[in-house]
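Just below is one structure, and these are the notes that go with it.
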Amino acid sequence: MNSRFAALCIFSSIFISPDSFIYIADSGDGTPNLQVIDGSNATGIIDPTTGLLQEGYAVLSRDTDNRKVLKDAYFRTGITIVRDYVERTQEEFISYAPAPLLVPIIYRPDARRPFGHSRISRSCMNLQNQARMTLTRANVTAEFCSHPQRYVLGLDEDAEFDSTKASISSFLALDRGEDGSNPQIGQFTQQNMEPHISQFKMYAAAFAGET
């Protein structure tokens, strides 16, 4: 993996996890081979002075069906131990680097969280939930906006009236009442989508400001 593609993978992964890791290995031709590992598949003990790991562990491959670990690696200064659980092999690779060959890429570390913070903050999650609820209410309102509610006054109690057929029919026939009066047909005020659209825009602007 080249450095540009590795940076792209880190940028995508770090939005969810506060950290990502780069596994450095020998490609065999003298150039380093880089593998990006997300924070859910790697961990370690960090040195607060240098920001590098004192020792680390990473899952290199998993079974796609049950997520079982197929290959992992343990990192210490000067040595990397790779275990393959399918082939039942273990390899040791010696390095002359002054730190383990698992390098953390951390976003906003502090004393309480040395492995950093996720870009998806609690405020982002709250705004996303509010926007989702707004879209749900807008979808309900859209149904009443497409098919506004109507009513009939002065219809005899024993008159046959199918509200489902009346809502989809282009022609409606109603008989006069016993007293000769005509039934009155009316429509409730149509629902307005604008409040929901404005509210969703407000949450979108707040989310953009948070990120």
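Quick note on numbering: the working numbering labels position 15 of the sequence shown as 1106, and the sequence is numbered without any gaps.
Cβ coordinates follow ideal geometry from the N, Cα and C atoms, glycine included.
| Asked | Found |
| --- | --- |
| Segment limits, beta strand (DSSP E) that includes residue 1188 | Unbroken run through residue 1188: none, as it is neither H nor E. |
| Span of the alpha helix (DSSP H) around residue 1288 | 1285–1301 |
| Beta-bridge partners of residue 1166, as assigned by DSSP | 1147, 1171 |
| Member of 1225, 1117, 1149, 1134 whose CA lies at the smallest distance from the CA of residue 1174 | 1149 |
| Length of the line joining the Cα atoms of residue 1216 and residue 1193 | 30 Å |
| Other residues of its chain near residue 1181: CB distance less than 6 Å, five sequence neighbours each side excluded | 1174 |
| Length of the line joining the Cα atoms of residue 1111 and residue 1128 | 6 Å |
| DSSP three-state assignment for residue 1130, whether helix, strand or coil | helix |
| Reference residue 1114; option with closest CA among 1108, 1152, 1141 | 1152 |
| Beta-carbon proximity list for residue 1224, same chain, < 8 Å, skipping 5 on both sides | none |
| Per-residue DSSP class, three states only, for residue 1157 | coil |
| Buried or exposed (CB count within 10 angstroms, at least 16 for buried), residue 1185 | exposed |
| Contact the stretch 1231–1239 vs the stretch 1132–1143: 3+ CB pairs below 8 Å | no |
| Endpoints, alpha helix (DSSP H) assigned at residue 1235 | 1213–1237 |
| Neighbourhood of residue 1189 by C-beta distance below 8 Å, restricted to the same chain and skipping five residues each side | 1168 |
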